[in-house]
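Trainee:
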DNA sequence: AACGATAATGAAAATCGTTTTCAATTATAA
DNA sequence: TTATAATTGAAAACGATTTTCATTATCGTT
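Chains as they are written, first to last, in our numbering: chain A, 25 to 171; chain B, 25 to 171.
(1) With the cut-off set at 8 angstroms, would you say residue 176 of chain A and residue 85 of chain A are in Cβ contact?
(2) Taking buried to mean at least 16 other C-beta atoms within 10 Å of its own C-beta, is residue 107 of chain A buried or exposed?
(3) Just to confirm, is the Cβ distance from residue 149 of chain B to residue 156 of chain A under 8 angstroms?
(4) Which partner residues does residue 116 of chain A have in the DSSP bridge list?
(5) What's the C-alpha gap between residue 50 of chain A and residue 36 of chain A?
(6) Taking DSSP as the reference, what is the three-state secondary structure of residue 138 of chain B?
(7) In terms of residue numbering, what span does the beta strand (DSSP E) encompassing residue 107 of chain A cover?
(8) So what's residue 83 of chain B in DSSP terms, helix, strand or just coil?
(9) Give a yes or no on whether the minimum CB-CB distance between residue 78 of chain A and chain B is below 8 angstroms.
(10) Give every residue of the same chain whose Cβ lies closer than 6 angstroms to the Cβ of residue 151 of chain A, excluding the five residues on either side of it in the sequence, and list them in chain order.
(11) Thinking C-alpha only, which one of A/109, A/43, A/45, A/105 is nearest residue 123 of chain A?
(12) If you drop the 5 nearest sequence neighbours on each side, which residues of the same chain put their C-beta closer than 6 angstroms to that of residue 70 of chain B?
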C-alpha cells in the first residue's frame with residue numbers, strides 16, 4: 025500500500041531501521057479504516073509476521089505517533105486506539121457500530137470557538153471535536169441488532 | 025456547600041447510605057473547579073477523613089457517575105478525572121495551565137454537526153467537544169513559566 | 001560479500017492504575 | 001436497642017503498559 029510505503033520511508037528518514045516487525049505493524053495500521061488498539065494491531069500483524077511481540081507493537085506505535093503518522097483516538101470504550109493521522113486540521117466522525125472513522129474539515133469552527141472562549145475570559149488554543157453516529161452501511165443493520 | 029448537600033440527598037434517595045467516607049469524597053469533588061483524578065480526590069479527602077481508603081474513592085466516584093452527578097473528563101494527560109456534571113447540554117472549556125473547567129452551551133451546534141454527518145452518509149447521534157486554552161488568571165502567568 | 005557498531009527484538013519481570021475478595025465495621029429501618 | 005445488610009479498608013488479584021536484558025538483525029563501512 026502507498027501510505028504504508030510512505031511511513032516506512034519516514035521511519036528510515038528519521039534514522040530508524042526497517043525490520044520485519046515494523047513492516048508488519050505499519051502495514052496493518054496504515055491500511056485500517058478503524059482505530060486499532062495495541063492488541064488488535066498485535067493480532068492482525070502476526071498473520072504477516074508470527075514472531076512479533078506485543079512489546080514491539082507498543083514501541084512501534086510510539087514512534088509512529090512521535091512522527092505524527094498516527095493519532096490516538098478517544099472513545100467511550102477506551103482511549104488507546106490509533107488511527108492514521110489526517111493531513112491538516114481535521115476532525116473525526118466515527119461509526120458507533122463498525123468503528124469506521126472518517127475525517128472532516130473543521131477550519132471554519134476556529135472563529136466560533138475563539139468567540140466562546142472570549143465570553144469566559146479564555147484564550148482558546150486548541151479544540152477537540154468528534155462526532156459519533158452510524159455510517160451508511162450500518163444504518164440499516166443497527167435495527168436488527170440486539171441492543 | 026449547597027451542591028454537596030444535594031448530592032448526599034440524591035445518594036440517600038437512591039438507597040445508598042451516608043457515611044463519613046462518602047461525605048468527604050462528595051465534599052471534595054462537588055466543590056472542585058478542576059477535574060480530579062481518583063488519587064487527587066483521595067489525597068484531598070483524607071484531610072477531612074483520614075481513615076479513607078482509595079478503594080472507597082473509586083467506588084464512590086462510580087456511584088456519583090451512575091447518578092449523573094459527575095462526568096469523566098478526557099485530556100491529553102489522561103482520561104480518568106472527574107468533574108461535577110453540567111445541567112443540560114454543555115461542553116467544556118479547560119485551562120491548560122491551572123486546569124479550571126468552565127461549561128458553555130453547545131445546543132446551536134447540533135444542526136451543524138448533523139449536516140457534516142450527512143455529507144459523509146452518517147447519521148450523527150452524539151458529539152464530543154472540548155476547548156483548551158488559558159483562563160483570565162493564567163494568561164499573564166504563562167509568560168513567566170518555564171516551558 | 002563480510003564486518004562491526006549499535007538499534008531493535010522478544011521474553012520475562014516490574015510497575016502502575018484499577019478491581020475483586022473478604023472479614024470487620026457501621027448506617028439505618030424496625 | 002437490635003438486626004440486617006450495605007459499606008468499609010487491607011490485601012490480593014488483575015490487566016495494560018513499561019522496563020530490563022541478553023540475543024538477533026539492520027545497515028553503513030569496508
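The beta-carbon is built from N, C-alpha and C at its ideal position, and this holds for glycine as well.
Mentor: To lay it out plainly:
(1) One cannot answer for residue 176 of chain A here, as it falls past the ends of chain A, which runs 25 to 171.
(2) Walking along the first chain from the start, residue 107 of chain A turns up at place 83. The residue is buried, with at least 16 neighbouring Cβ atoms inside 10 Å.
(3) In the second chain, residue 149 of chain B corresponds to position 125, counting from 1. In the first chain, residue 156 of chain A corresponds to position 132, counting from 1. Here residue 149 of chain B is near residue 156 of chain A, since their CB atoms are less than 8 angstroms apart.
(4) In the first chain, residue 116 of chain A corresponds to position 92, counting from 1. Residue 116 of chain A pairs with A/127, A/154.
(5) By 1-based counting over the first chain, the position of residue 50 of chain A is 26. By 1-based counting over the first chain, the position of residue 36 of chain A is 12. If I take the Cα positions, the gap works out to 13 angstroms.
(6) The count along the second chain starts at 1 and reaches residue 138 of chain B at position 114. Helix, per DSSP.
(7) One-based indexing of the first chain puts residue 107 of chain A at position 83. Note, residue 107 of chain A: beta strand (DSSP E), 102-108.
(8) Position 59 of the second chain, counting from 1, holds the residue named residue 83 of chain B. Here residue 83 of chain B sits in helix by DSSP.
(9) For the purposes of this step, residue 78 of chain A is taken as the residue at position 54 of the first chain. By this cut-off, residue 78 of chain A is not an interface position.
(10) Here residue 151 of chain A corresponds to residue number 127 of the first chain, with the count starting at 1. Around residue 151 of chain A: 137.
(11) On the first chain, residue 123 of chain A is found 99 positions in, with the first residue counted as 1. Among A/109, A/43, A/45, A/105, the Cα nearest to that of residue 123 of chain A is on A/105.
(12) Position 46 of the second chain, counted from the first residue, corresponds to residue 70 of chain B. Here residue 70 of chain B has 76 as same chain residues with Cβ atoms under 6 angstroms from its own Cβ, once five neighbours each way along the sequence are excluded.
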